[in-house]
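> Residue numbers for the sequence shown follow the working numbering, so the first one is 266 and each next one is one higher.
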Amino acid sequence: MTIRRVSILGLAAAVLLSACATKPPAVPEPEPQIVEPAPEPPKEPEISREDLEALHGRVLALRKDAFELGLKDVMPKEYEAAEARYVPGKAALDADDRPTAKAELGAAEPLFADLVAAGGLKVAQARKSDAASARDRALAADAQSLSAEALATAEAALAKADAALASGDVKAAIDAYALAIAAFDAVAKRSAAVAVKGTVDELDYGPMDSGNYALAGEKLAAVDSLLGTDPKAAQDASEEALLRYRLVLAKGWELTAGGKRQSAERFKIDAEAIKAQVAVKTEYAEAKSAWDTAVAVFASGDHEASAPLFDNAQALFEAVYETAAAKRAAAEKAIRAASAKNEESAAIAGKGDENLGPSDNPEAAASESAED
Numbered sequence: 266m267t268i269r270r271v272s273i274l275g276l277a278a279a280v281l282l283s284a285c286a287t288k289p290p291a292v293p294e295p296e297p298q299i300v301e302p303a304p305e306p307p308k309e310p311e312i313s314r315e316d317l318e319a320l321h322g323r324v325l326a327l328r329k330d331a332f333e334l335g336l337k338d339v340m341p342k343e344y345e346a347a348e349a350r351y352v353p354g355k356a357a358l359d360a361d362d363r364p365t366a367k368a369e370l371g372a373a374e375p376l377f378a379d380l381v382a383a384g385g386l387k388v389a390q391a392r393k394s395d396a397a398s399a400r401d402r403a404l405a406a407d408a409q410s411l412s413a414e415a416l417a418t419a420e421a422a423l424a425k426a427d428a429a430l431a432s433g434d435v436k437a438a439i440d441a442y443a444l445a446i447a448a449f450d451a452v453a454k455r456s457a458a459v460a461v462k463g464t465v466d467e468l469d470y471g472p473m474d475s476g477n478y479a480l481a482g483e484k485l486a487a488v489d490s491l492l493g494t495d496p497k498a499a500q501d502a503s504e505e506a507l508l509r510y511r512l513v514l515a516k517g518w519e520l521t522a523g524g525k526r527q528s529a530e531r532f533k534i535d536a537e538a539i540k541a542q543v544a545v546k547t548e549y550a551e552a553k554s555a556w557d558t559a560v561a562v563f564a565s566g567d568h569e570a571s572a573p574l575f576d577n578a579q580a581l582f583e584a585v586y587e588t589a590a591a592k593r594a595a596a597e598k599a600i601r602a603a604s605a606k607n608e609e610s611a612a613i614a615g616k617g618d619e620n621l622g623p624s625d626n627p628e629a630a631a632s633e634s635a636e637d
């Protein structure tokens with residue numbers, strides 16, 4: 266028991282000594298570190314639908330200009346490049362894919378703008394050349410004498426187009442050249458219509474188709490009133506006037522050639538009635554060939570060309586008739602002369618028989634004896 270007590274006492278003394286010992290100073294805890302949050306990536310600026318619609322409107326207007334100027338054919342590569350950006354941009358806009366729409370349409374806008382600027386100048390130069398050609402056609406139609414005032418109006422339209430091009434206003438120049446071309450075309454057709462009218466009046470064909478003749482005159486007057494303000498309308502009116510005068514002329518030639526055909530046919534029938542095809546075979550064959558040619562040309566609708574051919578056929582048939590008639594008359598005269606001679610010979614023979622007695626004429630005597 267003594268040992269166990271000593272052990273317990275020793276353990277208690279150790280605990281006591283341990284409790285009385287000095288504690289080491291406390292170690293300060295580290296201050297907490299403030300961690301700054303990572304910055305958020307910058308947000309893309311919002312693309313408004315209104316801005317995209319405005320962008321699309323600008324591109325669409327440029328695209329329309331390019332198409333109307335015919336730049337798809339004038340500058341095909343540049344047109345295709347711009348179109349290649351527009352088409353996906355429009356599709357993205359329809360799908361409300363705003364970033365793609367902005368990128369594609371934004372790329373298409375300068376491409377179409379450059380296309381219109383470069384191509385527009387080419388088109389303007391081409392229109393200028395076309396206007397010069399239209400002017401040449403008007404002069405070739407004798408516009409200086411037949412349509413002097415109208416020609417001056419067209420020249421003024423051309424000068425306006427040249428001034429627009431010189432000022433750099435390409436679009437206005439293109440439009441102005443188009444009007445000048447229409448004006449010169451109207452002048453050319455007006456001049457042609459006046460020339461045809463002169464032929465119609467000279468041949469007095471107006472009454473043969475009075476309706477078209479009157480309408481042609483109205484359209485010719487419309488050309489003069491419209492040319493300065495609406496060249497394209499004047500162009501339409503000039504085409505109508507020319508058409509109507511040509512219809513009058515065609516009708517006149519048709520009726521004229523028809524009359525000549527009837528006249529020639531009468532001589533043909535007369536010649537055949539006296540057997541000219543037998544009496545004068547060669548001359549008749551020539552006349553018949555001329556007739557057949559005239560009929561074929563008439564049937565083709567070229568009445569103007571057929572008219573002198575019928576005149577020629579008639580002249581040939583007249584000659585054939587006269588020659589055949591002369592031969593017929595000579596033959597009839599010869600027949601009459603021979604008949605008269607035969608009759609004369611018979612009369613002379615009869616008188617001779619009367620002068621001879623029965624003894625001088627044994628046959629008569631025998632006849633008389635037989636009667637007795």
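We treat Cβ as the ideally placed atom computed from N, Cα and C, and that holds for glycine.
Going by CA-CA distance only, name the one from E583, H568 and K387 that's closest to S528.
What you label residue 528 is simply residue 263 of the sequence shown in a count that begins at 1. Of the candidates E583, H568 and K387, the one whose C-alpha sits nearest the C-alpha of S528 is E583.
> State the DSSP-derived secondary structure class of K540, mapped to helix, strand or coil.
What you label residue 540 is simply residue 275 of the sequence shown in a count that begins at 1. Residue state, collapsed to three classes: coil.
> Put L336 into one of helix, strand or coil per three-state DSSP.
The count along the sequence shown starts at 1 and reaches residue 336 at position 71. Three-state DSSP puts L336 in a helix.
> Is G476 near the ligand NAD, judged by its Cβ being under 7 Å from some heavy atom?
The ligand NAD is not part of this structure, which contains no ligands at all.
> List the endpoints of the continuous alpha helix (DSSP H) containing G385.
Here residue 385 refers to the residue found at position 120 of the sequence shown. Per DSSP, G385 belongs to the alpha helix (DSSP H) from R363 to A405.
> Run through DSSP, which three-state label would L492 get?
As a first step, residue 492 is located in the sequence shown; it is residue number 227 there, counting from the start. In the structure shown, L492 sits in coil (DSSP, three-state: anything other than H, G, I, E or B).
> Does DSSP classify Y510 as helix, strand or coil?
Position 245 of the sequence shown holds residue 510. Residue state, collapsed to three classes: helix.
> Is V562 closer than 8 Å to S554 when the C-beta atoms are compared?
Reading the sequence shown from its first residue, position 289 is the one you call residue 554. Reading the sequence shown from its first residue, position 297 is the one you call residue 562. Going by C-beta atoms, S554 is not nearer than 8 Å to V562.
> Report the CB separation of V452 from A403 in whole angstroms; it is logged as a contact under 8 Å.
Locating residue 452 in the sequence shown gives position 187, where the first residue counts as 1. Locating residue 403 in the sequence shown gives position 138, where the first residue counts as 1. Rounded, the Cβ-Cβ distance is 4 Å, consistent with contact.
> In the DSSP assignment, the alpha helix (DSSP H) including G463 goes from what residue to what residue?
Start at 1 with the first residue of the sequence shown, and residue 463 comes out as number 198. It spans V435 to L468 - the alpha helix (DSSP H) in which G463 sits, taken as one unbroken run.
> Enumerated in chain order, which unbroken segments of the alpha helix (DSSP H) with a length of 4 residues or greater are wholly contained in the region 517-569?
List check, alpha helix (DSSP H) in window: 541-544 and 546-564.
> Using CA coordinates, which residue listed in P496, A479 and D379 is at the minimum distance from R511?
For the purposes of this step, residue 511 is taken as residue 246 along the sequence shown, with counting starting at 1. Of the candidates P496, A479 and D379, the one whose C-alpha sits nearest the C-alpha of R511 is A479.
> Quick check on DSSP: helix, strand or coil for A331?
Start at 1 with the first residue of the sequence shown, and residue 331 comes out as number 66. Residue state, collapsed to three classes: helix.
> Between which two residues does the alpha helix (DSSP H) harbouring P341 extend?
Taking the first residue of the sequence shown as 1, we reach residue 341 at position 76. P341 to D359 is the extent of the alpha helix (DSSP H) around P341.
> Among E343, A356 and D361, whose alpha-carbon lies nearest the alpha-carbon of A383?
Within the sequence shown, the letter at position 118 stands for residue 383. The option with the nearest alpha carbon to A383 is E343.
> Closer than 8 Å by C-beta to Y351: which residues in its own chain qualify, once you throw out the five before and the five after it? Chain order, please.
Indexing the sequence shown from 1 puts residue 351 at position 86. So the list reads V324, R328, E369, L370, A373 and F377, once near-sequence residues are dropped.
> Taking Cβ to Cβ, would you say K525 is nearer than 8 Å to A502?
What you label residue 525 is simply residue 260 of the sequence shown in a count that begins at 1. What you label residue 502 is simply residue 237 of the sequence shown in a count that begins at 1. No, Cβ-Cβ distance for K525 and A502 is not below 8 Å.
> State the CB to CB distance for the pair L574 and A559, rounded to an integer number of angstroms; the pair is presumed to be in contact (CB under 8 Å).
Here residue 574 corresponds to residue number 309 of the sequence shown, with the count starting at 1. Here residue 559 corresponds to residue number 294 of the sequence shown, with the count starting at 1. Between A559 and L574 the Cβ distance is about 4 Å, and since that is below 8 Å, they are a contact.
> Let me make sure I understand the geometry here. Which of L520, G566, A589 and E569 has the alpha-carbon closest to that of V543?
The residue labelled residue 543 in the question sits at position 278 within the sequence shown. V543 has its Cα closest to that of A589, out of L520, G566, A589 and E569.
> Given this structure, state the Cα-to-Cα distance separating D257 from R400, to the nearest angstrom.
Shown here, the chain extends from 266 to 637; a query on residue 257 therefore has no answer.
> Kindly give me the distance between the Cβ atoms of Q500 and D450, rounded to whole angstroms, as I take these residues to be in contact under 8 Å.
Numbered from its first residue, the sequence shown carries residue 500 at position 235. Numbered from its first residue, the sequence shown carries residue 450 at position 185. The Cβ separation is near 5 Å, so the contact holds.
> Hey, V649 and K393 are a contact pair by Cβ (cut 8 Å); roughly how many whole angstroms apart?
Residue 649 lies beyond the stretch modelled for the chain, which goes from 266 to 637, so this question has no answer here.
> Do the CB positions of S412 and V461 come within less than 8 Å of each other?
As a working note, residue 412 is residue 147 in the sequence shown. As a working note, residue 461 is residue 196 in the sequence shown. Result no, Cβ atoms of S412 and V461 do not sit closer than 8 Å.
> Taking only three categories from DSSP, how would you classify S313?
Here the question's residue 313 lines up with position 48 in the sequence shown. Note: S313 maps to coil in three-state DSSP.
> Looking at A415 and L336, is the spacing between their C-beta atoms short of 8 Å?
For the purposes of this step, residue 336 is identified with residue 71 of the sequence shown, where counting begins at 1. For the purposes of this step, residue 415 is identified with residue 150 of the sequence shown, where counting begins at 1. No, the pair does not count as a contact, with Cβ atoms beyond the cut-off.
> Using a 10 Å radius around the Cβ and a threshold of 16 neighbouring Cβ atoms, would you call S410 buried or exposed?
Translated into positions along the sequence shown, residue 410 becomes position 145. It counts as exposed.
> Tell me the residue span of the alpha helix (DSSP H) that contains S412.
Within the sequence shown, numbered from 1, the residue matching residue 412 stands at position 147. That residue, S412, is in no alpha helix (DSSP H); it is neither H nor E in DSSP.
> Can you list, in chain order, the residues of its chain with a C-beta nearer than 8 Å to that of A552? Leave out the 5 residues immediately preceding and following it.
For this step, residue 552 is matched to residue 287 along the sequence shown. Around A552: K533, A536, A578, L581, F582, A584 and V585.
> Three or more C-beta pairs under 8 Å: does that hold for the region 434-449 against the region 417-425?
The region 434-449 vs the region 417-425: in contact.
> For L317, which of T365, A347 and A331 has the nearest alpha-carbon?
In the sequence shown, counting from the first residue as 1, residue 317 sits at position 52. Minimum Cα distance to L317 is reached at T365.
> Apart from the five residues just before and just after A347, which ones in its own chain have a Cβ nearer than 6 Å to its Cβ?
Locating residue 347 in the sequence shown gives position 82, counting from the first residue. Here the set comprises A373, L376, F377 and L380.
> So, at 6 Å on beta carbons, what are the nonlocal neighbours of N645 in its own chain, with the 5 sequence-adjacent residues on each side left out?
Lying outside 266 to 637, the shown extent of the chain, residue 645 is not represented and no answer is given.
> Indicate the three-state DSSP secondary structure (helix, strand or coil) for A417 in the structure shown.
Locating residue 417 in the sequence shown gives position 152, where the first residue counts as 1. Looking at A417 - three-state DSSP - the assignment turns out to be helix.
> Please look up how many angstroms separate the CB atoms of A438 and L430, rounded, as I've assumed it's under 8 Å.
Along the sequence shown, one-based indexing puts residue 438 at 173. Along the sequence shown, one-based indexing puts residue 430 at 165. That belief holds up - the Cβ atoms of A438 and L430 are roughly 4 Å apart, short of 8 Å.
> Once you ignore the five residues that flank A441 on each side, which residues in its own chain have a CB closer than 6 Å to its CB?
The residue given as residue 441 occupies position 176 in the sequence shown. Once the five neighbours on either side are set aside, the close Cβ partners of A441 are K425, A426 and A429.
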